[in-house]
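Undergrad: What follows is a single structure, and I will ask about it in a moment.
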Amino acid sequence: MIAAMLSEAWRALGANLMRTVLTMLGMIIGVGAVILMLAIGQGTQFVVNQSIESMGSNLFIVLSGSTTSGGLRMGSGATPTLTLADADAISELNGVAYVAPSAPGVAQLMYGSNNWSTSVLGTTPSIIAVRDWKVVSGYPFGESDVRSATRVALLGRTVVQNLFNQGEYPVGKTIRIRQSPFLVVGVLGPKGQSLDGRDQDDTVLVPVTTAQRKIFGTQFQGAVRYMMVQAVSAAAMPVVEKSMTQLLHQRHHIQEKMDDDFSVRNLTALAETAATATKVMSLMLGAIASISLLVGGIGIMNIMLVSVTERTREIGVRVALGARRRDILAQFLLEAIMLSVIGCLVGVGLGVGGSALVNKLTGMTVVITGDSIVLSFIVAAGVGVFFGWYPANKAASLEPIEALRYE
Amino acid sequence: MAEPAVVRVERLHKQYETAAGPVHALNDVTLSIFPGEFVAVMGASGSGKSTFMNILGCLDVQTSGEYFLNGTDVRSLDKDRQAKLRNDVIGFVFQSFNLLSRASLLENVGLPLVYSKIGRAERNERAKRMLDSVGLEKYHRSRPNKISGGQQQRVAIARALVNNPRLILADEPTGNLDTKTSGEIMEIFTGLNQRNGITIVLVTHEEDIALHARRRIRFKDGFLVSDDEPRGKPTGSRQ
Ligand SMILES: Nc1ncnc2c1ncn2[C@@H]1O[C@H](COP(=O)(O)OP(=O)(O)O)[C@@H](O)[C@H]1O
Ligand SMILES: [Mg+2]
Numbered sequence: 001m002i003a004a005m006l007s008e009a010w011r012a013l014g015a016n017l018m019r020t021v022l023t024m025l026g027m028i029i030g031v032g033a034v035i036l037m038l039a040i041g042q043g044t045q046f047v048v049n050q051s052i053e054s055m056g057s058n059l060f061i062v063l064s065g066s067t068t069s070g071g072l073r074m075g076s077g078a079t080p081t082l083t084l085a086d087a088d089a090i091s092e093l094n095g096v097a098y099v100a101p102s103a104p105g106v107a108q109l110m111y112g113s114n115n116w117s118t119s120v121l122g123t124t125p126s127i128i129a130v131r132d133w134k135v136v137s138g139y140p141f142g143e144s145d146v147r148s149a150t151r152v153a154l155l156g157r158t159v160v161q162n163l164f165n166q167g168e169y170p171v172g173k174t175i176r177i178r179q180s181p182f183l184v185v186g187v188l189g190p191k192g193q194s195l196d197g198r199d200q201d202d203t204v205l206v207p208v209t210t211a212q213r214k215i216f217g218t219q220f221q222g223a224v225r226y227m228m229v230q231a232v233s234a235a236a237m238p239v240v241e242k243s244m245t246q247l248l249h250q251r252h253h254i255q256e257k258m259d260d261d262f263s264v265r266n267l268t269a270l271a272e273t274a275a276t277a278t279k280v281m282s283l284m285l286g287a288i289a290s291i292s293l294l295v296g297g298i299g300i301m302n303i304m305l306v307s308v309t310e311r312t313r314e315i316g317v318r319v320a321l322g323a324r325r326r327d328i329l330a331q332f333l334l335e336a337i338m339l340s341v342i343g344c345l346v347g348v349g350l351g352v353g354g355s356a357l358v359n360k361l362t363g364m365t366v367v368i369t370g371d372s373i374v375l376s377f378i379v380a381a382g383v384g385v386f387f388g389w390y391p392a393n394k395a396a397s398l399e400p401i402e403a404l405r406y407e
Numbered sequence: 001m002a003e004p005a006v007v008r009v010e011r012l013h014k015q016y017e018t019a020a021g022p023v024h025a026l027n028d029v030t031l032s033i034f035p036g037e038f039v040a041v042m043g044a045s046g047s048g049k050s051t052f053m054n055i056l057g058c059l060d061v062q063t064s065g066e067y068f069l070n071g072t073d074v075r076s077l078d079k080d081r082q083a084k085l086r087n088d089v090i091g092f093v094f095q096s097f098n099l100l101s102r103a104s105l106l107e108n109v110g111l112p113l114v115y116s117k118i119g120r121a122e123r124n125e126r127a128k129r130m131l132d133s134v135g136l137e138k139y140h141r142s143r144p145n146k147i148s149g150g151q152q153q154r155v156a157i158a159r160a161l162v163n164n165p166r167l168i169l170a171d172e173p174t175g176n177l178d179t180k181t182s183g184e185i186m187e188i189f190t191g192l193n194q195r196n197g198i199t200i201v202l203v204t205h206e207e208d209i210a211l212h213a214r215r216r217i218r219f220k221d222g223f224l225v226s227d228d229e230p231r232g233k234p235t236g237s238r239q
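Residue numbers (my numbering), protein chains in the order written: chain S, 1 to 407; chain H, 1 to 239.
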């Protein structure tokens, strides 16, 4: 029975091939668009989530600056107002796990005949925990290196790739940073892109004291541009933010109504905003694409209505020969579902192919999940049932005598 | 008690509401048709023949009066039961053949069996036998538009017979055929009635076609105005 009905529906669709194909095209484009948009949306989400994960969790960044100097307000981080002593004091606060004071700069690196310009970050060993770095070979520098400002460096993967020849083992080698020799003590595991699209592996970590005294120099001894502060948990973050701000007010002698000479930003909250934004974007892409699916469905309804009218007499004959209401309903519903499901199959192919093409042409990350394919199938079958129901019901409700008389 | 009549109608009325007012298509029609009869329904155009046939075929319902098919009051059945009754008891033959143009002759003939849930193998087997019995053994896989009108009506007869009906209802089955072909089709009906004892009710307005039947009834303006065998007598020899 089912097999007979399927082949019957198949033949009905084949009888008017051009019309069938054009009707399916609506479905094909709809499903293709949904798959492609979901792939792009999920790809973006994937990239964002990965950079959020690579950032470390429960993070604040405390920036120096915003001091008023002769009436000019300087930007954050412009004047290093935060000190290593501030960092030590913050690390004593309840709820604070790690503090990593940071003195960033750019420097030319040399090894053998290779040279490479990269960002050099003067910091403390806490940075490893705060940023969730992995040390894949060698070992991180320690507190004693910070105290005695030794010339040791941890290299990011991109730096290793650009400075060393293939297969060369960097740990134990001596590189030059702005001409002074540094011992490579370890290599950092890869992190990939940051939220703002920078290569996080293009970096060198050195003790903050070494950076200040031996690479960049500094206006004020022991001052840093910013520090990263990690709270013990997400729940602790509001308390930490408050107590940290209070502490810095005290230490910097900032009274009420005075401008702060530092600013605190909740990086985790920022990241969550970014994640939410991409999620919304990817949902919107999907929603917009779904509209074309809807249009495809309406196309199916339209053509099924035409088909019911054209075949009124056929319906009358079938009913006279013993077809029940549900037989006629099933016949036309099956045709509508077949239209939409075959359209969906081709559409999935188009969407997957299109995604691969987008990836190839633009380098954009695309992610096609089984879920999105299963979802489009369910939606397509649903569209077939939904938009096929009205015409099929119309066919099934025809009075046999009227249908037989129809010319 | 077993109902002897295949068809029993009593004081049958059918009224159509039209823009020009009500049309009385059937008025006070009472008759019975017994197993094995071959009845020709005659009358001028518009006299109510088709209306009568449609009610007999459970395709339409009367405005008032009673209709018993095989002893069952058709009005008491819902649409699905009526469909089953048509499928089990009645074979239709139409003036315009009404074959499905996309389906092969074999599939056309097997169609009633699809709705009685008979599997593909048996369906094809029975449809083949029927096509062969009306002399179309060479055309199993053809489409209806590839054969002549007379051949198409043979296919329609094969389709009407495939589910072993008790009653065949044919509304002007020769209306679209030439005289010679009409004769051949009437031969088939006569054979079915005489050899197989199938009850046949056949509409025609041609006297010579009606001569094939043993009982002639005549409508005029919706009234039953004449009946050869008012009590109804089976004419076929039932084996
Ligand atoms: N669906 C309908 N609506 C209105 N009037 C109808 C309808 N069907 C038939 N009639 C009228 O009923 C009368 C009998 O019609 P019909 O049974 O078709 O006659 P016949 O088959 O003998 O030519 C005619 O006057 C016809 O116009
Ligand atoms: Mg008529």
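Backbone N, C-alpha and C fix where the C-beta goes; we use that ideal spot for every residue, glycine too.
As the structure is a prediction and not an experimental result, all values here were calculated from the model.
Does the beta-carbon of K14/H have 16 or more other beta-carbons within 10 angstroms, so that it is buried, or is it exposed?
TA: Flag for K14/H reads buried.
Undergrad: Name the chain S residues that come within less than 8 angstroms of F92/H, Cβ to Cβ?
TA: A320 and L321
Undergrad: If contact means a Cβ-Cβ distance below 7 angstroms, which residues of the segment 82-111 of chain H contact chain S?
TA: A83, K84, R86, N87, F92, N98, L100, R102 and L111
Undergrad: Using a Cβ-Cβ cut-off of 7 angstroms (strictly less than) and excluding sequence neighbours within five positions of G293/S, which residues of its own chain qualify?
TA: Sequence inspection shows Leu at residue 293/S; the Gly mentioned does not correspond to that position. Closer than 7 angstroms at the Cβ level, and outside the excluded window around L293/S, lie G30, V31, V34, V379 and V383.
Undergrad: So is the beta-carbon of S7/S under 8 angstroms away from any non-hydrogen atom of ligand 2?
TA: no
Undergrad: Return the CA-CA distance between V114/H and L202/H, expressed in angstroms with no decimal places.
TA: 26 angstroms
Undergrad: For ligand 1, which residues count as neighbours when the test is a C-beta closer than 6 angstroms to any heavy atom?
TA: After applying the 6 angstroms Cβ criterion, the set is Y16/H, T18/H, V23/H, A25/H, G43/H, S45/H, G46/H, S47/H, G48/H, K49/H, S50/H and T51/H.
Undergrad: Compare the C-beta of E314/S with all C-beta atoms of chain H and state if any pair is closer than 9 angstroms.
TA: Chain H, which has a Cβ nearer than 9 angstroms to the Cβ of E314/S, makes this yes.
Undergrad: Starting from K220/H, follow the beta strand (DSSP E) in both directions and report where the run begins and ends.
TA: First-last of the beta strand (DSSP E) with K220/H: R215 to K220.
Undergrad: Relative to ligand 2, is the shortest distance from any of its heavy atoms to the C-beta of V39/H smaller than 8 angstroms?
TA: no
Undergrad: Could you compute how far the alpha carbon of G316/S sits from the alpha carbon of E399/S?
TA: The alpha-carbon atoms of G316/S and E399/S are separated by roughly 8 angstroms.
Undergrad: Could you tell me which chain S residues have their CB closer than 7 angstroms to the CB of N54/H, listed as they occur along the chain?
TA: I401
Undergrad: Please determine whether the Cβ atom of V201/H lies at a distance below 8 angstroms from any heavy atom of ligand 2.
TA: no
Undergrad: Does the beta carbon of V259/H come closer than 9 angstroms to any beta carbon on chain S?
TA: The displayed coordinates of chain H run from 1 to 239. Any statement about residue 259/H would go beyond what the structure contains.
Undergrad: What three-state label does DSSP hand F94/H in the structure shown?
TA: coil
Undergrad: Given that R120/H touches chain S, what residues does it touch there, using C-beta distances under 8 angstroms?
TA: Listed along chain S, the residues sitting closer than 8 angstroms to R120/H by beta-carbon distance are A3 and A4.
Undergrad: Work out the CA separation of L247/S and Q230/S for me, nearest whole Å.
TA: 16 angstroms
Undergrad: Let me see if you follow: with CB-CB separation under 9 angstroms, is D227/H close to chain S or not?
TA: no
Undergrad: What's the gap between the Cα of A269/S and the Cα of Q42/S?
TA: 21 angstroms
Undergrad: L293/S versus chain H: which residues are under 8 angstroms apart at the beta carbon?
TA: What L293/S touches in chain H, judged by beta-carbon distance under 8 angstroms, is nothing: the nearest beta carbon there is about 30 angstroms away.
Undergrad: With respect to 8 angstroms, is the separation between the Cβ of E172/H and the closest non-hydrogen atom of ligand 2 below this value?
TA: yes
Undergrad: In angstroms, rounded to a whole number, what distance separates the CA positions of E66/H and I147/H?
TA: Taking the straight line from one Cα to the other gives about 41 angstroms.
Undergrad: Could you pull out every residue in the same chain whose Cβ sits closer than 6 angstroms to the Cβ of A12/S, ignoring the five residues on either side in sequence?
TA: E335
Undergrad: Using beta carbons (cut-off 9 angstroms, strictly below), is G197/H in contact with chain S?
TA: no
Undergrad: My output table needs one value for S263/S: the three-state DSSP class, helix, strand or coil.
TA: strand
Undergrad: Please name the residue in G150/H, E125/H and G149/H whose C-alpha comes closest to that of H140/H.
TA: With distances taken between Cα atoms, H140/H lies closest to E125/H.
Undergrad: Beta carbon of N87/H, beta carbon of G222/H: below 9 angstroms?
TA: The answer is no: Cβ separation not under 9 angstroms.
Undergrad: Would you mind telling me which residues of chain H sit closer than 8 angstroms to R324/S, beta carbon to beta carbon, in chain order?
TA: Those within 8 angstroms of R324/S in chain H are K79, D80, A83, K84 and Y115.
Undergrad: Can you give me the C-alpha to C-alpha distance between N164/H and E407/S, rounded to a whole angstrom?
TA: 30 angstroms
Undergrad: Using three-state DSSP, classify R11/H as helix, strand or coil.
TA: In the three-state reduction of the DSSP assignment, R11/H falls in the strand class, which pools E and B.
Undergrad: Does chain H have any CB closer than 9 angstroms to the CB of A12/S?
TA: Using beta-carbon distances, A12/S counts as an interface residue toward chain H, with a partner under 9 angstroms.
Undergrad: Quick one: what's got a C-beta closer than 8 angstroms to M1/H's C-beta in the same chain, skipping five residues either side?
TA: Summary for M1/H: the model assigns pLDDT 46, below 50, so the residue's position carries little reliability; its value from the coordinates is reported in the next sentence. Same-chain partners within the cutoff: there are none.
Undergrad: With 16 other CB atoms within 10 Å as the buried threshold, where does S50/H fall?
TA: buried
Undergrad: Determine the chain H residues that contact L404/S at a beta-carbon separation under 8 angstroms, and present them in chain order.
TA: L59, F94 and N98
Undergrad: Buried or exposed for L267/S, going by 16 or more other Cβ atoms inside 10 Å?
TA: With 16 or more other CB atoms across the displayed protein chains lying within 10 angstroms of its CB, L267/S is buried.
Undergrad: Please return the same chain residues whose Cβ sits closer than 6 angstroms to the Cβ of A236/S, not counting the five positions on each side in sequence.
TA: Short of 6 angstroms from the beta carbon of A236/S, and not among the five residues preceding or following it, lie these beta carbons of its own chain, in chain order: G95.
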